[in-house]
Structures are given as structure tokens and as C-alpha cells.
Amino acid sequence: MAGHTPAVVGETKAAFTQFFSVSVREREGEISMIVTTKDLFNHAYGKYAVGAYNINNLEQTVGLFRGNLGLKNSNDEKIDTKKSAPFIIQLSRGARGFTDKRFLEAMIRAAEEVFPDAIFAVHLDHGTEEVCCDCIDSGFYSSVMIDASHDPFDKNIETTRRVVERAHDKGISVEAELGMLGGVEEDISVSADHACLTDPDQAVEFVERSGCDSLAVAIGTSHGAYKFSGSQGLHFDRIEAIQKVLPGFPMVMHGSSSVPKNWVERINKAGGKLGAASGVSEDQYLPAAKLGVTKVNIDTDGRLVWCGIYRETFRDKPDDFDPRTPGKPFMAAYAEYITGKNQKLGSAGQLESLRASLGAAV
Ligand code: G3H
Ligand code: 13P
Ligand code: ZN
Numbered sequence: 140m141a142g143h144t145p146a147v148v149g150e151t152k153a154a155f156t157q158f159f160s161v162s163v164r165e166r167e168g169e170i171s172m173i174v175t176t177k178d179l180f181n182h183a184y185g186k187y188a189v190g191a192y193n194i195n196n197l198e199q200t201v202g203l204f205r206g207n208l209g210l211k212n213s214n215d216e217k218i219d220t221k222k223s224a225p226f227i228i229q230l231s232r233g234a235r236g237f238t239d240k241r242f243l244e245a246m247i248r249a250a251e252e253v254f255p256d257a258i259f260a261v262h263l264d265h266g267t268e269e270v271c272c273d274c275i276d277s278g279f280y281s282s283v284m285i286d287a288s289h290d291p292f293d294k295n296i297e298t299t300r301r302v303v304e305r306a307h308d309k310g311i312s313v314e315a316e317l318g319m320l321g322g323v324e325e326d327i328s329v330s331a332d333h334a335c336l337t338d339p340d341q342a343v344e345f346v347e348r349s350g351c352d353s354l355a356v357a358i359g360t361s362h363g364a365y366k367f368s369g370s371q372g373l374h375f376d377r378i379e380a381i382q383k384v385l386p387g388f389p390m391v392m393h394g395s396s397s398v399p400k401n402w403v404e405r406i407n408k409a410g411g412k413l414g415a416a417s418g419v420s421e422d423q424y425l426p427a428a429k430l431g432v433t434k435v436n437i438d439t440d441g442r443l444v445w446c447g448i449y450r451e452t453f454r455d456k457p458d459d460f461d462p463r464t465p466g467k468p469f470m471a472a473y474a475e476y477i478t479g480k481n482q483k484l485g486s487a488g489q490l491e492s493l494r495a496s497l498g499a500a501v
């Protein structure tokens, strides 16, 4: 289904605002396909997980949009509705400081125009209260994550509550975190490991008292490329227990990269030195989604694709120094990777159904 182009935005504004009035946010009289995170969750809950992908630069942004529309080599390919998916683009504090937060916003605004069919949300990943406030006040973000999980329970609730009040005033939703993501190393005993997982009873109290809209839960994953040793995986018993006491409430899984073996091997063959890297089995995404894990955070995998392509390119072309030489195959490889990931999340092929449901909500 057609989206909009900047040229027709003015003419068709009335029709679009009628069609999408619940979800599409208007910006200076233009239609934006940046929707609320809540809209994405409502459509996905219990059926599939929405991929939440971290970006830092332009090539990642272009690859991400292409991949979510089922395109690969060029922005002008026809969108593939069997592959196209709603998604969340997430920006960490590190990403906001890497160049300048304004570049990120400008890139995403440009991507909206270049890829008018995309429907997505913009999210702050792992925010402090201060950065959450900045994002809320900017009016650009669909949602923010306040990460006060390192604080004691009551302090985590108080901080989250303050962010929720400020965010909800502006129609922005809030992800909070309870429990500690940690390494799941073999030398940590099972009980110590379980002590880090989110406690279901605490989760109910946390959600009620903080008013948050989604909850990042510790269910066995950890950030980065070295998640598990041996055959550990997600704690489905914990996911199930949380869903039982918080039915219908979206859970968020951090540390969800699958750390694909083929990319680790390609990196190492091209001069890298990654050790015993391992990630979440992609076959676990959909069973987790069916139990209420509605947002799945992926950053590390995108970094691996980036690293592999750049290393291989300059290994194979040692006399080349053009940023476009690795940049072009990276965008294609990252797009292909995202399309494949969305198939595992179950979000591939959901874009047109979401578009229709946003329209039907009017
Ligand atoms: O959860 C953390 C994300 O992977 C962001 O990482 O802070 O290095 O950008 P970063
Ligand atoms: P990974 O390190 O597994 O990609 O997790 C990313 C994440 O949780 C971002 O918030
Ligand atoms: Zn995270």
C-alpha cells in the first residue's frame, strides 16, 4: 500500500489524518509515519515480537529501513509485503553522544521521506531520568526507557513514576526495567543466577506503582556478544510466570542478539579476534513472543554485520580507502540480516495488517 511522498503530503493531509488520526503524529502540518510504541504493541502482543534495533550512523539507518521493507540493494526497490515489518528504531545514550543527537533525528526524518511506506516508532534505549526528560521534551520520541534497575526497588519505582508522569502528559510511553540482566556464566551458581531474574510478584507491584507501559524483564539474557556458555537459553518458566500475573502487559527482552556463528567466523577470518561468542537462539523469539515478549532488542548483531563487512572489504582491497566501498555492501548485508531477523520474530509480513488496523481504529 502506498504511503506518502513529501510532494503529496500537503494535498492529501486531510485524507491521511482522517485515515490515521489515532496513530499518525503530525509535525508542522506534515504526516509522519512515526507511530506510538503502544500502537505497535497492541498489534503485536501475543502474536509476534517487534524488532527494536539500535542505530548509530547513516549506513545502519538506511540498511534498517530497507530491511524492514524487504528491500536490499537500493532504496528504490518495490516493497515486499511478505517481508515488510513494523519496527522500533532505538537510540542509546551512547548513540546520541557519538556524533550529535540532532544528526540522529535528522537521519530518521530523512528516512521517513525516502521510505514513505515504513511504519515505526522511535525509542530511547537505557535512559537516565535526565536523558528521558530531554527526549520527552523534544517531541520526537515515541517512547523512552528509564533504566533505574540498578537502584533499590522503591527508588526504581519513584524514578520511573516521575518519568511516566512527564511522558504520559505528552502521549509518550515508558519502558522500565526490573531485575538485573547479567552474565549467565557456568561458574555462577543456579540460585545466584535466578536471584537476578525478574520476580513476578515484584513485577506486579512495580507496574502498578510506577505506571509504566512495558517492562524490561531479566529472563536469562545479557547484553553483548558473550551471553551463554554451554546450552543455556531463555528462562521460559519465568516468562510464563510473569505473563500469568501481568496478562496482556508487554514484556521487553534486552540482550536478544543471536550472535550468528557465521558472522563471528567471517570476522575472525578477516583478522578479528572474537572468542567464544554466543547469543539467543532465534528459534526462541516466537515462543517468547507468544508469552507476551513484545519488543526484542537487537544491537550486537548489527555491529557484527558491520564489523564483518568492513574487515572483509579492506582485507580484500588493501589499496582502497573509500568509505563507500564497504558502506554499500554493508547496507545490503544489514538489510538482508534485518529481513531475516523479522522472519524469526514473526513481524515479517505484518506491516500491511498493522497499516489497516491503524486505519480501522478511526
Ligand atoms: O543495551 C545497550 C545497547 O546495546 C546500546 O549500546 O550504549 O554502546 O550504544 P551502547
Ligand atoms: P544485544 O547486545 O543482545 O544486541 O542487546 C541489545 C539491547 O538490549 C539494547 O538495549
Ligand atoms: Zn538493553
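Those letters in the sequence shown? Residues 140 to 501, per the numbering used here, in order. Beta carbons: idealized from backbone N, C-alpha and C, even for Gly. All values reported here derive from a predicted model rather than from experimental measurement.
Kindly identify the DSSP beta-bridge partner or partners of residue i.
{"i": "Tyr365", "result": "Ser417"}
{"i": "Lys434", "result": "Val189 and Val391"}
{"i": "Ala315", "result": "Ile285 and Leu354"}
{"i": "Ile173", "result": "Phe259"}
Hey, residue i and residue j: beta-carbon distance below 9 Å or not?
{"i": "Asp256", "j": "Ile285", "result": "no"}
{"i": "Arg442", "j": "Gly410", "result": "no"}
{"i": "Phe367", "j": "Leu354", "result": "no"}
{"i": "Asn392", "j": "Leu373", "result": "According to the sequence shown, residue 392 is Met rather than Asn. In this structure, Leu373 lies closer than 9 Å to Met392 by Cβ."}
{"i": "Gly278", "j": "Lys240", "result": "no"}
{"i": "Thr299", "j": "Ile227", "result": "no"}
{"i": "Phe375", "j": "Leu430", "result": "yes"}
{"i": "Ala487", "j": "Lys211", "result": "no"}
{"i": "Ala224", "j": "Gly185", "result": "no"}
{"i": "Glu314", "j": "Asp352", "result": "yes"}
{"i": "Ala188", "j": "Ala428", "result": "yes"}
{"i": "Ser281", "j": "Ile311", "result": "yes"}
{"i": "Thr478", "j": "Gly206", "result": "yes"}
{"i": "Val303", "j": "Gly350", "result": "yes"}
{"i": "Glu421", "j": "Lys480", "result": "yes"}
{"i": "Ile275", "j": "Ile173", "result": "no"}
So is residue i buried or exposed if we call it buried at 16+ other beta carbons inside 10 Å?
{"i": "Asp178", "result": "buried"}
{"i": "Met319", "result": "exposed"}
{"i": "Pro426", "result": "exposed"}
{"i": "Thr238", "result": "exposed"}
{"i": "Ala245", "result": "exposed"}
{"i": "Lys483", "result": "buried"}
{"i": "Pro386", "result": "exposed"}
{"i": "Ala364", "result": "buried"}
{"i": "Glu325", "result": "Caution applies to Glu325, whose pLDDT of 37 falls short of 50 and renders its modelled position unreliable; the model cannot decide the point."}
{"i": "Ala495", "result": "exposed"}
{"i": "Leu497", "result": "buried"}
{"i": "Arg377", "result": "buried"}
{"i": "Lys222", "result": "buried"}
{"i": "Pro462", "result": "exposed"}
{"i": "Phe204", "result": "buried"}
{"i": "Glu347", "result": "exposed"}
{"i": "Met390", "result": "buried"}
{"i": "Phe469", "result": "buried"}
{"i": "Glu150", "result": "With a pLDDT of 35 at Glu150, under the threshold of 50, the modelled position of that residue is not reliable, and the figure given next carries that caveat. Counting Cβ neighbours within 10 Å, Glu150 comes out exposed, since fewer than 16 surround it."}
{"i": "Asn401", "result": "exposed"}
{"i": "Phe180", "result": "buried"}
{"i": "Asn295", "result": "buried"}
{"i": "Glu198", "result": "buried"}
Can you find a CB in chain D that lies within less than 9 Å of the CB of residue i?
{"i": "Thr220", "result": "Of the chains in the structure shown, none is chain D; there is only one protein chain."}
Tell me, to the nearest whole angstrom, how far the beta carbon of residue i is from that of residue j; I am working on the premise that it is less than 8 Å.
{"i": "Ile381", "j": "Thr433", "result": "Actually they are not in contact, since the Cβ atoms of Ile381 and Thr433 sit about 12 Å apart, beyond 8 Å."}
{"i": "Asp438", "j": "Asn196", "result": "Going by Cβ atoms, the distance from Asp438 to Asn196 rounds to 13 Å, so no, they are not a contact pair."}
{"i": "Tyr476", "j": "Val444", "result": "5 Å"}
{"i": "Asn200", "j": "Ala250", "result": "Before going on, a small fix: residue 200 reads as Thr here, not Asn. With 8 Å as the limit, Thr200 and Ala250 qualify as a contact, their Cβ atoms being about 6 Å apart."}
{"i": "Arg235", "j": "Cys272", "result": "Actually they are not in contact, since the Cβ atoms of Arg235 and Cys272 sit about 13 Å apart, beyond 8 Å."}
{"i": "Pro399", "j": "Asp440", "result": "7 Å"}
{"i": "Ser395", "j": "Val435", "result": "4 Å"}
{"i": "Leu263", "j": "Val253", "result": "Actually they are not in contact, since the Cβ atoms of Leu263 and Val253 sit about 23 Å apart, beyond 8 Å."}
{"i": "Ala472", "j": "Ile448", "result": "5 Å"}
{"i": "Leu493", "j": "His265", "result": "That pair is no contact at about 26 Å."}
Terminal residues of the continuous alpha helix (DSSP H) containing residue i?
{"i": "Val303", "result": "Phe292 to Asp308"}
{"i": "Ser349", "result": "Pro339 to Ser349"}
{"i": "Glu216", "result": "Taken as a continuous stretch (DSSP letters only), Glu216 belongs to no alpha helix (DSSP H), as it is neither H nor E."}
{"i": "Gln199", "result": "Leu197 to Asn207"}
{"i": "Ala428", "result": "Tyr424 to Lys429"}
{"i": "Pro399", "result": "Per DSSP, Pro399 belongs to no alpha helix (DSSP H) and is neither H nor E."}
{"i": "Ala471", "result": "Arg463 to Leu484"}
{"i": "Ala250", "result": "Lys240 to Val253"}
{"i": "Asp455", "result": "Thr439 to Asp455"}
{"i": "Asp376", "result": "Phe375 to Val384"}
Just reading off the beta strand (DSSP E) that residue i is part of, what are its end residues?
{"i": "Asn193", "result": "Val189 to Asn193"}
{"i": "Phe279", "result": "Unbroken run through Phe279: none, as it is neither H nor E."}
{"i": "Phe259", "result": "Phe259 to Gly266"}
{"i": "Gln229", "result": "Phe226 to Ser231"}
{"i": "Ala355", "result": "Ser353 to Val356"}
With hydrogens ignored, establish whether the beta-carbon of residue i is closer than 8 Å to any heavy atom of the ligand MG.
{"i": "Val419", "result": "With respect to the ligand MG, the structure shown offers nothing to examine, as its ligands consist of the ligand G3H, the ligand 13P and the ligand ZN."}
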